[in-house]
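From first to last, the protein sequence lines are chains A and B.
Numbered according to the working numbering, the first sequence terminates at residue 998, and the numbering increases by one at each position without gaps.
Numbered according to the working numbering, the second sequence terminates at residue 329, and the numbering increases by one at each position without gaps.
To keep things clear, I will list the structure first and then write my remarks on it.
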Amino acid sequence: MDIKSNPQIYRLFFLILHGIYLCVLPGCENPPTNVELGNETGVLHWGNGTEPQSLDPHIATGVPEHHVISALMEGLVLKDSQTLEPTPGIAERWDISEDQLVYTFHLRSDAKWSNGDTLDAHDFVWSWWRALQPRLGNLYAYMYFPIKNARAYYNGDINDFKEVGVKAVNDLTLQVMLENPTPYFLQLLDHYSTFPVHQETVERFGSADERGTRWTYEGNMVSNGPFKLRKWTINQEIVVEKNPQYYDEKKVKLNEIVYYPIENGITEERMFRAGQLHYTNDVPIDKVETYRAANDPALRIHPYLGTYYYRINTRVPHLKDRRVRRALALTIDRESLTKNILKGGQIPAYAMTPPDTKGYFPPNKLEFNPLEAKRLMALSGYPDGKNFPETEILYNTNEGHRKVAVAIQQMWKIHLNIDIRLTNQEWKVYLDSESNGDYEISRAGWIGDYVDPNNFLDMFICGGGNNRTGWCNEDYDKLILQEAPRKKSDQNRFAIFREAEEILIDEMPVIPIYTYTSKNLVHSSLKNLNPNILNQASYKDLFLSDDIE
Amino acid sequence: MIRFAAVRLLQAIPVLFGVITITFILIHSAPGGPFSADKAVPPEVLIALEEKYDLNLPLWQQYFGYLEDFISGDFGPSFKYPGRNVSELIASAFPTTAELALYSMIVAIGIGLFAGVVAAMRPNSVQDYAPMSLAMIGICMPSFLLGPLLVLIFGIYLEWLPISGWNSLPGDKILPAITLGTGYAAYIARLTRGGMLDILSQDYIRTARAKGLSEIVIVCKHGLRGGLIPVVAFLGPAFAGMLGGSFVVETIFNIPGLGRFYVQAAFNRDYTMILGTTIFFAALIVSFNLISDILAMWMNPKLRQKDLGDEK
């Protein structure tokens, strides 16, 4: 029964091997990669994080959605991809009244929808009416609140949309009246939540305020941006192609963009190495070092408009004392944390607002000062950490958050001699605990929606939905809600924000830890991708070329 | 055999009912809801959303509402992907998972049978130890280790095969199928070896050999039919396991299969999606167990007689 004595079995074995060899061989001849093919045909392959929940600009939330929607649609203004200053979009110019309360937008006459219909001011009025219908479940409705009566209409205090400060003066003129001077108003108009939608298409698939109709599906969607939707295979890819009806069509150089939902950063990095992607949404932290060591120009790290911080539950008895909260903040060695633990170029944060947010620099009132921290703890009745109750740091399950929490646990033990317990929870459980105030100290992060300090500071007003710390300060609220909006120049407004931020840092309901960085791998053939703190690409300016710059 | 199949099918009804009830209770007891988000959700929006998906109703009403919809064949809308139905999402993702499971099964059976037969032909020799040691390594090596290893060797260093995707590049199904199939190949090898050792020592095999039949006919025609019964019993649960357990492989290779949907649904608290996929997988497991039992009965006369005896 020996195999050697059975030549037939041998023959069968080699026949199978030969078959496998023949089948696999054609695939072994190093076929052209996505990147090589894409460079020839003008198709950009883009790693896009998670699967977009929706492509309806009035329902979507999230960065992957933003990437696709900003290729498909366009609002009144665009942003310069380097300076982030507003540039003409569907509005070719605009006038701002002297009191900064009335914005008159002059729309371009050649703006069209992807089906050839003309896009005019009435489209914006209808779209903004739709975005303010509570039944639609638009989480970004607050982007409209600077507009006169928009908040009142949304809350149901007024029922007639005509009272809301937006009207079409004629087909090509849109007038917007504001509640208060809002110097960042133009910034909001580049956010997808203020983009127009095609009324006829939306209503063909359901009522205007119905959530989740099929108007955004392939074959149905009508949009107004440089690209239009060609294919959407869930969890596989979204393909957008050049929109021939786009007013600036001649400037659009890419023929197609393929967005891949890749949740696993390691898979995404491997796909980049194998030439399947031009761009990755992120770079795994362990790989950053490797790319750095190799001095690989594909690795791009830039400051990002977001702050990683710890919320302190000020309702917990021993954390009510601001001196304790300050002592905790003063004993985090942020330089060491970013350099030795995070290693991704993150910037130590000593205030909530990232530095140079539209030219705003927050006050520098926080530092690493263990001696002062010890003094504050002693004053609070916890000399050398004695009698300080064991305190919990809550974070959502993630290796990166764990590393930061472990480091901070050690720093507080060394400098304050206090015991910290680490608790990790699955994402939704963690959200539940945080919003119910069922935590002591919890990890948090805030990514800016628009480039203005207001976006980072107005969440800590009394009872604010994103405050969640139980902290409330009337002086702070007055500065943010009343004084800052009345200032007409950024300089004066920023002075008020600095004053508010000083209160925040002094009271310390939150401990800023670091400013995020965006980390991407970018293939050398992808040109015109300018770095900016929103990490937003202007897809109509991108092009692919093998030329070395 | 028909009676056997009918009884088993009837038994499946309370099983599925139990699955629905337990899953429903578990998902609604988990903290966090489908609409909790990092950014605060305004109360007006939350009310509107809960109304839309009937989450404002008492739990028992939601349960009976779901049962009613389920019986009429409606799995409900997905909470996570507005506008998409659960049945539509399952229908779009399942063929991919099924295809992956099918190719993995071919890999598993091909490698497993060959290694098992080779090992059984000369027990307790190098020819036995070598494939069985490899099989042990195969069983022990998790797919999250094997997958990246294969990617590294065949995708990145040798550049022979694509390392991700499904149906987008030629050859992109090879590595996922090998990754998912290898673990099962190892089990099949061990089961085949055991089954074959048992059969090859039977008298009728000795008779066949005495008649001068070639070894290949003895092994393939007379040996395999009896020797494969334990393997066939394993194939049903194995195929169901491949369908339900492909999440890791789907993630490594970025494959748009049902496994990814299933796990994402749990993280997103997409209640209807969790229920829909759980019921779907439960039904699959019940079906494949039944098919493998019927196949085993067809191959094993002893079982057939027992069933006939029961019928009498």
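For glycine and all other residues, C-beta sits at the position ideal for the given N, C-alpha and C.
Within the same chain, Cβ atoms closer than 7 Å to the Cβ of L186 of chain B are found at P179, the five residues on either side in sequence being excluded. Under the three-state reduction of DSSP output, M259 of chain B falls in the helix class.
Look at P752 of chain A here: in three-state DSSP terms it is strand.
For S104 of chain B and D544 of chain A, the gap between their C-alpha atoms comes out near 51 Å. Shown here, P832 of chain A sits in a helix according to DSSP, grouped into three states.
In this structure N789 of chain A is exposed. Its beta-carbon is surrounded by fewer than 16 other beta-carbon atoms within 10 angstroms. In this structure, the CA atom of R223 of chain B is about 39 Å from the CA atom of I302 of chain B. With fewer than 16 neighbouring CB atoms inside 10 Å of its own CB, G668 of chain A falls in the exposed class.
Collapsing the DSSP output to three states places F92 of chain B in coil.
Y174 of chain B and R722 of chain A have their C-alpha atoms roughly 10 Å apart. If you look at G886 of chain A, you'll find it isn't in any beta strand (DSSP E); DSSP assigns it neither H nor E.
The segment 596-614 of chain A makes no contact with the segment 681-694 of chain A: fewer than 3 CB pairs, one atom from each, lie closer than 8 Å.
If you check each beta-carbon in the segment 656-667 of chain A against every beta-carbon of chain B, the ones closer than 7 Å belong to R660, G661, T662, R663. Counting the other Cβ atoms within 10 Å of the Cβ of T739 of chain A gives fewer than 16, which makes it exposed.
Interface flag for S967 of chain A against chain B is unset, since no Cβ pair is found closer than 9 Å.
Interface criterion not met: the Cβ of M957 of chain A is under 9 Å from no Cβ in chain B.
Listed along chain B is no residue with a C-beta nearer than 7 Å to that of L581 of chain A; the closest approach is about 11 Å.
Closest in C-alpha terms to P710 of chain A, from the list A:V878, A:H516, A:G674, comes A:H516. At a cut-off of 9 Å between beta-carbon atoms, K736 of chain A makes no contact with chain B.
Between the segment 163-177 of chain B and the segment 240-250 of chain B, the count of C-beta pairs closer than 8 Å stays below three; the two stretches do not touch. Secondary structure note for E541 of chain A: its beta strand (DSSP E) is the uninterrupted segment 540-545. DSSP, reduced to helix, strand and coil, places Q685 of chain A outside both helices and strands of the structure shown, so it counts as coil.
Among the residues facing chain B, E500 of chain A is included, as its CB has a counterpart in that chain under 9 Å away. Contact annotation: in the segment 97-115 of chain B, residues whose CB is within less than 8 Å of a CB in chain A are K97, Y98, P99, G100, R101, L106, S109, A110. Separation of the CB atoms of E705 of chain A and V492 of chain A is rounded to 4 Å, and the pair is thereby assigned contact status at 8 Å.
D86 of chain B and D887 of chain A have their alpha carbons spaced roughly 36 Å apart. Less than 9 Å divides the Cβ of T806 of chain A from the Cβ of D901 of chain A. Of all C-beta pairs linking the segment 912-927 of chain A to the segment 650-658 of chain A, fewer than three are shorter than 8 Å, placing the two stretches out of contact. The segment 938-952 of chain A and the segment 726-743 of chain A do not touch, with fewer than three beta-carbon pairs separated by less than 8 Å. Chain-order list of chain B residues neighbouring D881 of chain A: P48, G49, S53, by C-beta distance under 7 Å. With a cutoff of 9 Å on beta-carbon distance, Y963 of chain A and I842 of chain A are scored as not near each other. For S309 of chain B, the uninterrupted alpha helix (DSSP H) segment begins and ends at 288-316. Remark: C-beta atoms of R210 of chain B and A136 of chain B approach each other more closely than 9 Å.
For R679 of chain A, the secondary structure class from DSSP, reduced to helix, strand or coil, is strand. Among the residues of the segment 247-277 of chain B, those with a Cβ less than 7 Å away from any Cβ of chain A are T268, I269, N271, P273, R277, in the order of the chain. Burial state of N984 of chain A is buried, judged by a 10 Å Cβ sphere holding 16 or more other Cβ atoms.
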